[in-house]
Structure formats: C-alpha cells, structure tokens
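Chemist: One structure, as structure tokens, below. Some questions next.
In our numbering, the protein residues as written are 4 to 210.
Below you can see the structure in the form of structure tokens.
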C-alpha cells in the first residue's frame, strides 16, 4: 500500500510539473519578481496556495462524480486523455515551430509595490482559464484514474507546484539567463510533449 501511495504521488508530481513549466504569463511574472527580489514570498505563496486549492477541488470533485457514477471514469478518462494528447501536440508544435520572443525574460515593467504585485499575481492566477483546465479538469481527471490513491496523486501535484514556484521565484537570479534562451524552453517543451502524449495515450487506452 505504501509503495502504491508513493508511486501515485510521484506520478502526480511529474504530471503537475509537466503542466506548470509551460510558458505563460504567470511564470513570466514570477520570474521577473524573483529576478528583482520584489515581493517574492507573497507571489510564490499565492501561486502555490492557489494551485493547491484548485487541485484539491479537482481531485475531490471528479472523485465524487466517479463514486456516484462509475461510468464517469470512462468519460473522464477519454476527456482527460484527449486533452493531454492535444496539450502534448501543442508543446511539440512549439518545439518544431517556436514562437519568436516566447522565451521568458526578466525584462519589462514589474509591480512597484507589494500590494500591486499581490493583486497582479491574483489576477494572473484566478483569471486565467488555463489554470482551471490544468488543475481542476486535467489533474482532477488523471487523479480519478488512480481511484483510492487519487489524493496521493493530488498531493504530488501540489508539491510539484510548490517546488516549481519556489525554484522559479527564489532561483530567478540564476535561472533568468537560462530561461531567456528559446532553446532551453524547446527542450522543456519536448519533455512536456513526450510526457503528455504518453500519459494521454495510456488514459485513453485504459478507458
């Protein structure tokens, strides 16, 4: 049982990390704040706690539906698997045809006060529809596939979020140069594409 819990948590960690590292406004903002050492703790905390709440909502919500209607697992598996495959294809597309200027940089305007930084971070987190797709729908659907171990999977995804945002925020001084290179994000997108397509295929096959 312990082995199963650890395995589910590790899968959740990998899934969460694969989703979080995709280029986006939220990551760019955290990177800029970290590079300038401004309101880093508040920004990292908002991102990590928000993800934790949304992941918990996804895991509990999808799990409840599956418990009440077992056939929902098939629907969720097909939907989640299809979404994962599409996500992987989009990541692969960025590898083959990178968007000019898509790399994260520490350049540009940043919040001039802690309050403004907090409000900006909240807006980027809770007003971004992709956040709900990634956490509530996608992670929730994949977690449901783990049955009674779905909370271990969810915990792994939460730890992935915390690890990523902490690393990005506090390691930005060291990471900003690397992440400013489009080639670095092409490698990350390649890993994301392989992971997402593989997991999506397994979900669809298992449904």
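Glycine is no exception: its CB is placed at the ideal position from the N, C-alpha and C atoms.
1. If we count Cβ pairs, one from each stretch, closer than 8 Å, do we get three or more for the region 42-55 versus the region 181-196?
2. In the DSSP assignment, find the unbroken alpha helix (DSSP H) run with residue 116 in it and report its ends.
3. Where are the alpha helix (DSSP H) runs, 4 residues long or more, that stay fully inside the region 142-171, in chain order?
4. Suppose you measure from the CA of residue 209 to the CA of residue 150; what does that come to, to the nearest Å?
5. From 31, 9, 189, 199, pick the residue whose C-alpha is nearest to that of residue 142; which is it?
6. When the Cα of residue 12 is compared with those of 44, 94, 154, which residue comes out closest?
7. I'd like to check one pair, residue 29 with residue 120: are the Cβ atoms closer than 8 Å?
8. Would you grab the beta carbon distance between residue 19 and residue 160 for me? Rounded to a whole angstrom, and I think it's under 8 Å.
9. Going by the CB atoms, is the gap between residue 181 and residue 84 shorter than 8 Å?
Modeler: Considering the structure as presented:
1. No, they do not touch.
2. Run containing residue 116: none; DSSP gives neither H nor E here.
3. 143-147
4. For residue 209 and residue 150, the distance between alpha carbons rounds to 13 Å.
5. Comparing alpha carbon positions, the residue from 31, 9, 189, 199 closest to residue 142 is 199.
6. It is 154.
7. No; because the gap between Cβ atoms is not below 8 Å, this pair is not in contact.
8. Right, their Cβ atoms sit about 3 Å apart.
9. No.
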